[in-house]
Amino acid sequence: MAIDIDELTESELIDLNNRVVARLNFLQQMRAHSHMLGFSIGEKVSFQPEGHPELSGIITKYNRKTVTIITEHGQRWNVAPTFLRKFVSPSTSVVQFATVLNMPNK
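The opening position of the sequence shown corresponds to residue -14 in this note's numbering, with each subsequent residue numbered one higher.
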């Protein structure tokens, strides 16, 4: 779809700009919302803010574009859901081997 903006008046261009910005904001919110659906309130997650070590905490609230996380040290962070990862504790990331028993065939 081609739009000839050369023929639009200043007020029409301003209106078009406002519509484009509103549409882009809506698409960004929908993308953030779809990422949020991968996480639940009360779930433990991890994230790494720029210039900080990796942090982990519990999701306490959904916001319009972010989720609120309370870290293990009591800090409150508003984080975009695209930066979140499901928390994997060091003890669960190690594969533990089970004993395999051969059962007689009947």
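Built from N, CA and C at the ideal position, the CB exists for glycine as well.
This structure is a prediction, so every number in the text was calculated from the model and none was measured.
Nearest to residue i (by Cα), restricted to the options the options
i	options	result
GLY23	VAL52, HIS37 and HIS58	VAL52
VAL73	SER41, THR56 and ALA17	SER41
GLU28	GLU(-3), ILE(-12) and TYR47	TYR47
ASN63	MET15, VAL5 and ARG49	ARG49
GLY71	GLU39, PRO89 and VAL5	Residue identity differs from the one stated: residue 71 is Lys in this sequence, not Gly. Measuring from the Cα of LYS71, the nearest candidate turns out to be GLU39.
PHE32	THR67, ASP0 and LEU9	THR67
Local Cβ density within 10 Å of residue i, reported as buried at 16 or more and exposed below that
i	result
MET21	buried
LEU69	buried
VAL30	buried
GLY59	exposed
Whether residue i touches residue j by CB criterion (8 Å)
i	j	result
SER19	ILE44	no
LEU(-2)	ILE(-12)	no
ALA65	ALA7	no
Own chain, CB closer than 7 Å to residue i, minus 5 neighbours either side, in chain order
i	result
GLU57	SER41 and GLY42
ILE55	GLY42, ILE43, THR45 and ARG61
Close-in-space but distant-in-sequence residues of the same chain around residue i (CB under 8 Å, 5 per side omitted)
i	result
LEU(-7)	LEU1
GLN14	ARG49 and LYS50
Which runs of the beta strand (DSSP E), 3 residues or longer, sit entirely within the segment -7 to 61? 29 to 32, 40 to 47 and 52 to 56
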